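Heads up: the sequence shown begins at -11 in my numbering, then just goes up one per residue.
Don't be surprised by glycine CBs; every beta carbon is placed ideally from N, CA and C.
Here the structure is a predicted model, which means the values were calculated and not measured.
Below is one structure, written out as structure tokens; comments come after it.
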Amino acid sequence: MDTLDEQVIRAITNSFGKDIWRRSLVVLTHAQLSPPDGIDYNDFFTRRSEALLRYIHSGAGINKREYGDFPLPIALVENSGRCKTNEHGEKILPDGTLWVPNLMKEITVVISNGSSPTHVDQKLIDGPNPNNRRKLFIPLILAVEYFLVVKGIRRAIHADIANGKVDDWEQRYRDLVGSRDLVEQKGSTSRNRKA
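Put into structure tokens, the structure is as follows:
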């Protein structure tokens, strides 16, 4: 376990309250993997699950006196193709447990443990509505943009036109177009004379 796991456990507890752990089931995956050498499979599972439960209890802020109030069942699952199967095609864990029926049994225990349903505030699910934030400022921003930016650009354009000031690039273009027109006019008059 690392600090990220602890942060996740605290975030779950902070969002849903401590009672969420009464309605939870811990599922450990990759259950077909062999334990380290010299350790029995059931002993390894027991040690691992006890360590995980201690970690969850401490991360959720559950005191040792409250452990009995928060029975947190643990189920082992394995969906790998390497997992052993019985004659009916059901996957079997190394300790001989059929994991799908065991998982269903644990889910049934959690559902029927008598704890009250968890109330989740719809605002937590939906989150804040981004359309409601500062939407009253939109007309104000558009008005400022129109009067300062658009009007300013229009005034600058009209002032340039009124001054008759021509940029260098525009003057070169006019000179180039004007000289072409003169060449074309001379060419057309010389053709007219020959005809």
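Just to confirm the assignment, what range does the beta strand (DSSP E) spanning VAL15 have?
Segment 14 to 16, the beta strand (DSSP E) holding VAL15.
For ILE27, which of helix, strand or coil comes out of DSSP?
ILE27: coil per DSSP, three-state reduction.
How big is the Cα-Cα spacing for ILE(-9) and GLU133?
With the sequence shown as reference, residue -9 is identified as Thr, and Ile is not the correct amino acid for it. THR(-9) and GLU133: Cα-Cα distance of roughly 49 Å.
Determine, using beta carbons only, whether VAL65 and TRP87 come nearer to each other than 7 Å.
In contact: VAL65 and TRP87 (Cβ atoms closer than 7 Å).
So, for PRO89: in the same chain, excluding its five sequence neighbours on each side, which residues have a beta-carbon less than 7 Å away from its beta-carbon?
Counting only residues of its own chain and dropping the five nearest sequence neighbours on each side, PRO89 has no CB closer than 7 Å to any other CB.
Does the count of Cβ pairs from the stretch 18 to 37 and the stretch 65 to 82 closer than 8 Å reach three?
As far as the Cβ criterion goes, the stretch 18 to 37 touches the stretch 65 to 82, which means the pair count is three or higher.
In chain order, what residues of the same chain lie with their CB nearer than 7 Å to the CB of ILE(-3), ignoring the 5 residues before and after it?
The residues are ILE44, GLY47 and ALA48.
Expressed to the nearest angstrom, what Euclidean distance is found between the alpha-carbon atoms of ASN261 and ILE27?
In the structure as shown, the chain starts at -11 and stops at 183, and residue 261 therefore has no counterpart that could be examined.
I'd like the ranges of any beta strand (DSSP E) spanning at least 3 consecutive residues and lying wholly in the stretch 24 to 106.
If we require 3 residues or more, the beta strand (DSSP E) runs fully inside the stretch 24 to 106 come out as 62 to 64.
Quick one: Cα of SER103 to Cα of ARG10, how far?
Between SER103 and ARG10, the C-alpha separation is close to 7 Å.
So PRO61 and GLU94 are in contact, right, with Cβ under 8 Å, and what is the actual spacing, rounded?
Going by Cβ atoms, the distance from PRO61 to GLU94 rounds to 5 Å, so yes, they are a contact pair.
In whole angstroms, give me the CA-to-CA distance for ASP202 and ALA(-1).
What is shown of the chain runs -11 to 183, which leaves residue 202 out entirely.
Buried or exposed: which applies to PHE125, given that a residue is buried once 16 or more other Cβ atoms fall within 10 Å of its Cβ?
Counting Cβ neighbours within 10 Å, PHE125 comes out exposed, since fewer than 16 surround it.
Applying the 10 Å Cβ sphere with the 16-neighbour rule, what's the burial state of ALA63?
Under this definition ALA63 is a buried residue.
In three-state terms, what does DSSP make of LEU124?
Here LEU124 sits in coil by DSSP.
Taking the straight line between their C-alpha atoms, what separation do you get for LEU164 and ALA144?
Counting only the Cα atoms, ALA144 lies some 27 Å from LEU164.
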